[in-house]
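S.K.: Pasting a structure here, questions to come.
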Amino acid sequence: MLASYVKSRSATFLLTIFLVLSPVAHAQSGSSTSITGTVVDPSGAVVSNATVEVRNPVSGFARNAATDAAGKFVVPNVPFNPYHVTVTGQGFAPYSGDVDVRSTVPVNVNIALKVGGAAESVTVEANGGDLIETTSTFHTDVDRGLFDKLPLESQSSSLSSLVTLSSPGIAADSNGLFHGMGDHAENSFMVDGQPITDQQSKVFSNQIPLDSVQSLEVISGAPPAEFGDKTSVVVQVTTRSGLGSKDPHGAVTASYGTFGTATGGFNLAYGGNKAGNYIAISGLNTGRFLDPPEFAVMHAKGNEENVFDRVDFKLSNADTAQLNLGFTRSWFQTPNSFDDLNIGATDP
Numbered sequence: 002m003l004a005s006y007v008k009s010r011s012a013t014f015l016l017t018i019f020l021v022l023s024p025v026a027h028a029q030s031g032s033s034t035s036i037t038g039t040v041v042d043p044s045g046a047v048v049s050n051a052t053v054e055v056r057n058p059v060s061g062f063a064r065n066a067a068t069d070a071a072g073k074f075v076v077p078n079v080p081f082n083p084y085h086v087t088v089t090g091q092g093f094a095p096y097s098g099d100v101d102v103r104s105t106v107p108v109n110v111n112i113a114l115k116v117g118g119a120a121e122s123v124t125v126e127a128n129g130g131d132l133i134e135t136t137s138t139f140h141t142d143v144d145r146g147l148f149d150k151l152p153l154e155s156q157s158s159s160l161s162s163l164v165t166l167s168s169p170g171i172a173a174d175s176n177g178l179f180h181g182m183g184d185h186a187e188n189s190f191m192v193d194g195q196p197i198t199d200q201q202s203k204v205f206s207n208q209i210p211l212d213s214v215q216s217l218e219v220i221s222g223a224p225p226a227e228f229g230d231k232t233s234v235v236v237q238v239t240t241r242s243g244l245g246s247k248d249p250h251g252a253v254t255a256s257y258g259t260f261g262t263a264t265g266g267f268n269l270a271y272g273g274n275k276a277g278n279y280i281a282i283s284g285l286n287t288g289r290f291l292d293p294p295e296f297a298v299m300h301a302k303g304n305e306e307n308v309f310d311r312v313d314f315k316l317s318n319a320d321t322a323q324l325n326l327g328f329t330r331s332w333f334q335t336p337n338s339f340d341d342l343n344i345g346a347t348d349p
């Protein structure tokens, strides 16, 4: 009988500081920015309490903001993409326009509302047909609204499962690796502009928790030159932020399933227009951490813990400081098969 007991422990502590103090020099150092602006009436007076909506029907991204007493608004943590901007205010005709977000330089939009008639109304259609893409790369945009609609795998491989199910030309294996365009060695992650030029899976380099992800842009086929020599798939990840939160909000999740699989999670976002914090904590314990080709598994227990914290400081309309903290740890056994257990017992 061949007995094996292999433990694999991996602990990763990621400390990343993003200081975008010169937006011209660091225009490509992140994967999101903010949309700011001022809303005025026909006379040039500011309009307070106007509702500003930024939406991309293709990716599913939608965010609302209200103008303050000075008529100003801020929509933070907007991933790179084109967007519809709609502004409504009591007594004014609705405004609708488009903005294209392609760098970390904040986009400033000054909007002049016209006086509206009593019978005027606005109709917002969930149609992205008139959004014009200005990039030549083949990519798939995935926003957080799609996460709950897909049958994702457990927390140990949920990010790669999301990429596999939402993007064409990608296949997955049983241990959380995905193979973009047939080559898993040419994949790369960009987390808030910071490169991770290798796979993240159950067996190698634990993934960031899915609760920390706001949106993805999956670039496949021929990634642009700024991503180095990767020729398969580049996954741009924009993490969630507490910047711009009106009130503290979060969620607590728990589940239990087959193979003694128990999961738990907690996330909280809080802050304002000048600073914000987002924290996510999750854990997994299961009797089938790796996924061998057996109906009944033996020696396949494992667990994983994840902690992610993002802190944002808005120093000015052009300067932002961002701090990402992450800790992830996993422990798992190497599964045995029935054939392994029978070696020596059935063979001469």
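Here the sequence shown is numbered in our numbering, starting from 2 and rising by one per residue.
For every residue, glycine included, the Cβ atom is placed at its ideal position computed from N, Cα and C.
(1) With DSSP as the reference, label Lys203 as helix, strand or coil.
(2) Between the C-alpha atoms of Lys315 and Phe339, what's the straight-line distance to the nearest angstrom?
(3) Could you check whether the stretch 232–252 touches the stretch 47–60, counting it as contact only if at least three pairs of C-beta atoms, one from each stretch, sit closer than 8 angstroms?
(4) Look at the alpha carbon of Val108 and the alpha carbon of Ala270, and state the distance between them as a whole number of angstroms.
(5) Whole angstroms is fine: what's the gap from Ala71's alpha carbon to Glu187's?
(6) Once the 5 residues before and after Lys350 are set aside, which same chain residues still bring their CB inside 6 angstroms of it?
(7) Give every residue of the same chain whose Cβ lies closer than 6 angstroms to the Cβ of Lys302, excluding the five residues on either side of it in the sequence, and list them in chain order.
(8) On the DSSP bridge list, what partners appear for Pro83?
(9) Report yes if the C-beta distance between Ser161 and Phe139 is below 7 angstroms; otherwise report no.
(10) What distance in whole Å lies between the Cβ atoms of Gly327 and Glu306, which are believed to be in contact at a cut-off of 8 angstroms?
(11) Look at the Cβ atom of Ala51, then the Cβ atom of Val88, and state whether they are nearer than 7 angstroms.
(12) Considering just the uninterrupted stretch of the beta strand (DSSP E) at Leu153, what are its terminal residues?
(13) Just how far apart, CA to CA, sit Thr105 and Asn318?
(14) Whose CA, out of Gly258, Asp69 and Asn337, lies closest to the CA of Pro294?
(15) Can you list, in chain order, the residues of its chain with a C-beta nearer than 6 angstroms to that of Asn65? Leave out the 5 residues immediately preceding and following it.
(16) If you draw a straight line from the alpha carbon of Ser331 to that of Arg311, how long is it in whole angstroms?
(17) Tell me the rounded alpha-carbon separation between Glu218 and Gly98.
(18) Just to confirm, are Thr210 and Ala281 a CB contact at a threshold of 7 angstroms?
(19) According to DSSP, is Thr13 helix, strand or coil?
(20) Does the beta-carbon distance from Phe190 to Val143 come in below 7 angstroms?
(21) Given that a residue counts as buried once 16 or more other Cβ atoms are within 10 Å of its Cβ, and exposed if not, what is Gln200?
(22) Just to confirm before moving on: does the CB-CB distance between Gly194 and Gly31 stay below 7 angstroms?
(23) State the Cα-Cα distance for the pair Ser49 and Gly92, rounded to the nearest angstrom.
(24) Going by Cα to Cα distance, which pick from Val192, Ala322 and Ser159 is closest to Gly277?
(25) Rounded to whole angstroms, what's the CA-CA distance from Tyr96 to Ser216? Just pull it up for me.
(26) Give me the Cβ distance between Lys115 and Pro43, rounded to the nearest whole Å; I'm assuming they're in contact under 8 angstroms.
(27) Using only CA atoms, which one of Val41, Lys231, Ile220 and Met299 lies nearest to Ala94?
(28) Spatial neighbours of Val234 within its chain, please: CB distance less than 6 angstroms, with the 5 preceding and 5 following residues excluded, ordered by chain position.
(29) Taking the beta carbon of Glu227 as the centre, do at least 16 other beta carbons fall within 10 Å, making it buried, or is it exposed?
(30) Since Val47 and Thr39 are thought to touch, with beta carbons under 8 angstroms apart, how far apart are those beta carbons, to the nearest angstrom?
(31) In whole angstroms, give me the CA-to-CA distance for Asp101 and Pro77.
M.R.: Working from what's here:
(1) coil
(2) 58 angstroms
(3) no
(4) Between Val108 and Ala270, the C-alpha separation is close to 24 angstroms.
(5) 49 angstroms
(6) Given that the chain is displayed from residue 2 to residue 349, the structure contains no residue 350 and the question cannot be resolved.
(7) Gly288 and Gln334
(8) DSSP lists Asp101 as the beta-bridge partner residues of Pro83.
(9) Against a cut-off of 7 angstroms, the Cβ pair of Phe139 and Ser161 comes out as no contact.
(10) The Cβ separation is near 12 angstroms, so there is no contact.
(11) yes
(12) Element bounds for Leu153: n/a, residue is neither H nor E.
(13) 12 angstroms
(14) Asn337
(15) Glu54
(16) 22 angstroms
(17) 23 angstroms
(18) Note that residue 210 is Pro in the sequence shown here, rather than Thr. It is a contact, given that the beta carbons lie within the stated cut-off.
(19) Unreliable placement is indicated for Thr13, whose pLDDT of 39 sits below 50; the coordinate value is still reported in the next sentence. DSSP places Thr13 in strand when its eight states are reduced to three.
(20) No.
(21) buried
(22) yes
(23) 12 angstroms
(24) Ala322
(25) 27 angstroms
(26) 6 angstroms
(27) Val41
(28) Closer than 6 angstroms at Cβ, skipping near neighbours: Gly181, Asn188 and Ser221.
(29) exposed
(30) With a Cβ gap of about 7 angstroms, Val47 and Thr39 count as contacting.
(31) Between Asp101 and Pro77, the C-alpha separation is close to 15 angstroms.
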